[in-house]
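Shown next, in structure tokens, is the structure this report addresses.
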Amino acid sequence: MRALCWHGKKDIRCDTVPDPRIEDPRDAVVKVSSCAICGSDLHLYDGFMPGMEHGDIMGHEFMGEVVEVGSANKKLKVGDRVVVPFTIVCGECDQCRRGNFSVCERTNRNAEMAAKAFGHSGAGLFGYTHLTGGFAGGHAEYVRVPFADVGPVKVPDELTDEQVLFLGDIFPTGWQAAVQCDIEPTDTVAIWGAGPVGQFAIRSAVILGAAQVIVIDHVIERLAMAKLGGAITINFDEEDVLERLKELTGGKGPQKCIDAVGMEAHVTRSFDSMYDRAKQAVMLESDRPHVLREMIYACRPAGTLSVPGVYGGFADKIPLGALMNKGLTVRTGQTHVNRWTDDLLERIQRREIDPSFVITHTVSLEDGPAMFKTFRDKEDGCVKVVMKP
Ligand SMILES: NC(=O)c1ccc[n+]([C@@H]2O[C@H](COP(=O)([O-])OP(=O)(O)OC[C@H]3O[C@@H](n4cnc5c(N)ncnc54)[C@H](O)[C@@H]3O)[C@@H](O)[C@H]2O)c1
Ligand SMILES: [Zn+2]
Ligand SMILES: [Zn+2]
Numbered sequence: 048m049r050a051l052c053w054h055g056k057k058d059i060r061c062d063t064v065p066d067p068r069i070e071d072p073r074d075a076v077v078k079v080s081s082c083a084i085c086g087s088d089l090h091l092y093d094g095f096m097p098g099m100e101h102g103d104i105m106g107h108e109f110m111g112e113v114v115e116v117g118s119a120n121k122k123l124k125v126g127d128r129v130v131v132p133f134t135i136v137c138g139e140c141d142q143c144r145r146g147n148f149s150v151c152e153r154t155n156r157n158a159e160m161a162a163k164a165f166g167h168s169g170a171g172l173f174g175y176t177h178l179t180g181g182f183a184g185g186h187a188e189y190v191r192v193p194f195a196d197v198g199p200v201k202v203p204d205e206l207t208d209e210q211v212l213f214l215g216d217i218f219p220t221g222w223q224a225a226v227q228c229d230i231e232p233t234d235t236v237a238i239w240g241a242g243p244v245g246q247f248a249i250r251s252a253v254i255l256g257a258a259q260v261i262v263i264d265h266v267i268e269r270l271a272m273a274k275l276g277g278a279i280t281i282n283f284d285e286e287d288v289l290e291r292l293k294e295l296t297g298g299k300g301p302q303k304c305i306d307a308v309g310m311e312a313h314v315t316r317s318f319d320s321m322y323d324r325a326k327q328a329v330m331l332e333s334d335r336p337h338v339l340r341e342m343i344y345a346c347r348p349a350g351t352l353s354v355p356g357v358y359g360g361f362a363d364k365i366p367l368g369a370l371m372n373k374g375l376t377v378r379t380g381q382t383h384v385n386r387w388t389d390d391l392l393e394r395i396q397r398r399e400i401d402p403s404f405v406i407t408h409t410v411s412l413e414d415g416p417a418m419f420k421t422f423r424d425k426e427d428g429c430v431k432v433v434m435k436p
């Protein structure tokens, strides 16, 4: 089959590789009808995520048709149309039973490696580093889905791929980011990053009843899309972020702040962002936490910082004094996708939201490698790329 494989920094190729097959009785094999490039894939593309190997199949946002089912899988049958969450979950461990799916205790087959790096392991993830199990991903014609009697979400035929595909990652990710803010009707929610995750965080914060939603970025098309979603926009190339946030909140700052940027924050007008660039370049810091710092300064005392943006290792110069003395709450995590999918699918069916708004590019799998660059560099108005294998 054809699949997008990682061959090193900025080197993704469309290769011919062996077809996947059932390896465990709970597995299923899915024929991919649509898949997408996620901001998290950029950390692999840019070479910032350790634990990648030559030939690893990329992709953790995908959906399609079940074409083979293991003998112990009672949930799926051949022909089912499913969206597959990026987190692989067992459904039985202590964490899964509490709904903490992204830290499933059983699905990372390289759990020891992860525990060495982080103290504990999280769930296995599709198309990601070997620290999360090195499972073949969904930028491919076919995927083996482990624990397929738990994770996959069956979707009705009347909805298009474009409407449901993002249930596997960025829609629940934006949603969880907003839910973690415990939004009250008087709250201002400020969101750093108007990428796909930021876009869904905006719409989620609006649905959850925030008084005001503000988004910070510098990509014009993304700011325009954010405005359509109900956000007030701040362009960090043209405006002082902290000053503008104060102006918009009666001098007090937003009660809730969401980091939808993560470890690859761009250089802004502020000195600390240049410092991160320099330190990361000489490998003295693995992550660029500029947004985290800015949120700590911007957030109103007793407020909440919600961090869906991915961090991979160690970050420098975090203003702990401000974080602690202002009494801020920090909530983080890879998304517990299956915790939200039933509710979000119903919202799509009720036409409360149509997630396809975020798609700007639809291409073949063969054109995928070039689209990683287009997406990373935000060229050609690119916000979200869907590929059709
Ligand atoms: N927690 C999860 O489960 C989960 C799931 C999906 C994605 N993510 C993470 O969410 C983050 C965003 O993903 P995405 O797909 O939207 O990626 P993206 O790279 O398309 O979007 C990031 C946006 O942040 C903007 N940005 C960069 N520096 C900034 C700064 N200093 N201030 C404000 N904005 C800035 C960029 O211009 C860009 O528009 C990534 O870190 C990704 O890994 C996490
Ligand atoms: Zn993702
Ligand atoms: Zn589990």
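With positions in the sequence shown counted from 1, the corresponding number in the working numbering is that position plus 47. Ideal placement from N, C-alpha and C gives every residue a C-beta, glycine not left out.
First and last residue of the uninterrupted alpha helix (DSSP H) at residue i
i	result
N385	384–396
D306	Counting along the chain, D306 falls outside any alpha helix (DSSP H), though it belongs to the beta strand (DSSP E) covering 303–306.
K124	It is not in any alpha helix (DSSP H) - K124 carries neither H nor E in the DSSP assignment.
R324	318–328
V236	From DSSP, V236 is part of no alpha helix (DSSP H) but of the beta strand (DSSP E) over 235–239.
T220	217–226
For residue i, the three-state DSSP class (helix, strand or coil)
i	result
I249	helix
I343	helix
A271	helix
D66	coil
L292	helix
C143	helix
K39	There is simply no residue 39 to check, as the chain begins at 48 and stops at 436 in what is shown.
F114	Reading off the sequence shown, one finds Val at residue 114, where the question assumed Phe. It is a strand residue.
F95	coil
A369	helix
A4	Outside the displayed range of the chain (48 to 436) lies residue 4, so it cannot be described from this structure.
V150	helix
V211	helix
I230	coil
E427	Note that residue 427 is Asp in the sequence shown, not Glu. In the structure shown, D427 sits in a helix (DSSP, three-state: H, G or I).
S333	coil
V244	helix
I400	coil
F109	strand
A164	helix
V76	strand
C-alpha gap between residue i and residue j, whole angstroms
i	j	result
K163	C151	17 Å
M105	G185	7 Å
E311	P436	29 Å
D401	I305	22 Å
V308	S353	11 Å
I343	D363	14 Å
T407	K201	25 Å
Q210	S403	5 Å
S320	I263	15 Å
F361	K121	42 Å
T373	R347	The question names Thr, but residue 373 is Lys in the sequence shown. So the two alpha carbons sit approximately 8 Å from each other.
Q227	D216	16 Å
K57	L91	8 Å
V377	G350	9 Å
I230	R145	22 Å
V432	Q302	33 Å
E108	A83	5 Å
V76	E332	40 Å
L375	D284	27 Å
V253	F247	10 Å
V131	G138	14 Å
D390	A224	15 Å
F194	V266	39 Å
A237	I279	9 Å
G256	G221	15 Å
R335	R324	7 Å
Extent of the continuous beta strand (DSSP E) run through residue i
i	result
K90	In the sequence under discussion, the amino acid at residue 90 is His, which differs from the Lys named in the question. It is not in any beta strand (DSSP E) - H90 instead sits in the alpha helix (DSSP H) that spans 86–92.
V260	259–264
G415	Premise fails: G415 lies in the alpha helix (DSSP H), 415–423, not in any beta strand (DSSP E).
V131	128–131
N157	Where N157 is concerned, there is no enclosing beta strand (DSSP E), given that its DSSP letter is neither H nor E.
M434	432–435
H17	Residue coverage of the chain in this structure runs from 48 to 436, which leaves residue 17 outside it and unanswerable.
T351	351–354
R378	376–379
T280	279–282
For ligand 2, residues whose Cβ lies under 5 Å from any non-hydrogen atom: C85, S87, D216
Inside the region 172–207 only - alpha helix (DSSP H) runs reaching at least 4 residues: none
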